[in-house]
Amino acid sequence: GLALSNMRLGLVARTDSLTACLTRGAFTARVGALLAQRHPQSGGALLMIDADNFKAINDLFGHVSGDEALAIIARSIRAVLRSGDLVGRMGGEEFAVYLPDLDHHQTEAISERIRRAVYLANFTPEGARHTLSVSIGGAVFEGQACFAELFRIADERLYLAKKSGRNRATVVDVGDLATAGVPQMA
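According to my numbering, the sequence shown is numbered sequentially starting from 1110.
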């Protein structure tokens, strides 16, 4: 009905002007709604993507170049995605991507393509090329999943990717975590 289409219009308007990604609130709401209405047998993945050493870019080249770097990263992410994939800017230099109907192997492939696209992107502050890179954490799921849990797991993997050297992607199957008897953090 009308209320639903108004809500949809509201979500459409909620994009971040710099990167043209969904805002954190819009991304969270949209993905939450998609997860709730999914077919029980289908799966997908949530990626958390964080610009590496971003503070250094702002410190070295200033905020205008920092903004340009974020716009380039957002474009690089989108260039890799399929229609139906969603990308949100979660704050600062952190992005999230929802990939419906993908398995672990495909998710790793897309994560790697995003990493490469950013790494090869042409960012030339003050006329000299400066290589950008991102760290990526991913949670792949099948069947029922809730956004908060996927977010927590993907964020944990992102932290591991950063800790193990940055400019890399670390993807895990949510099901494997549950069955491996890993203590689940509340």
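Even for Gly, the Cβ is constructed at its ideal location relative to N, Cα and C.
Query: So, are the CB atoms of Ile1262 and Ala1248 less than 8 Å apart?; Result: yes
Query: According to DSSP, what are the bridge partners of Leu1207?; Result: In the sequence under discussion, the amino acid at residue 1207 is Tyr, which differs from the Leu named in the question. Answer is Leu1155, Leu1195, bridged to Tyr1207.
Query: What's the call for Ala1295, buried or exposed, on a 16-neighbour Cβ count within 10 Å?; Result: Its pLDDT being 45, under 50, Ala1295 is placed unreliably by the model, and the measurement read from it follows with that caveat. Exposed, because fewer than 16 other Cβ atoms sit within 10 Å of the Cβ of Ala1295.
Query: Can you say whether Ser1151 is buried or exposed, counting buried as having 16 or more other CB atoms within 10 angstroms of its CB?; Result: exposed
Query: Less than 6 Å between C-beta atoms, sequence neighbours within five positions excluded: which residues of the same chain meet that for Asp1282?; Result: His1213, Val1249
Query: Output the boundary residues of the alpha helix (DSSP H) element that contains Phe1232.; Result: Note, Phe1232: premise wrong, no alpha helix (DSSP H); not H, not E.
Query: Thinking C-alpha only, which one of Asp1176, Asn1162, Asn1167, Met1157 is nearest Ala1129?; Result: Asp1176
Query: Determine whether the beta carbon atoms of Ala1154 and Leu1208 lie at a separation below 8 Å.; Result: yes
Query: Could you check how far apart the C-beta atoms of Ala1183 and Ile1166 are, in whole angstroms? I think they sit under 8 Å.; Result: In fact, because the Cβ distance is near 15 Å, the residues do not count as touching under 8 Å.
Query: Looking at the unbroken alpha helix (DSSP H) that takes in Ala1178, where does it start and where does it end?; Result: 1172-1189
Query: Can you give the Cα-Cα distance for Glu1203 and Ile1181, rounded to whole angstroms?; Result: 13 Å
Query: On a CA-only basis, which of Ser1126, Ser1273, Arg1275 is nearest Arg1198? Give me that one, please.; Result: Ser1126
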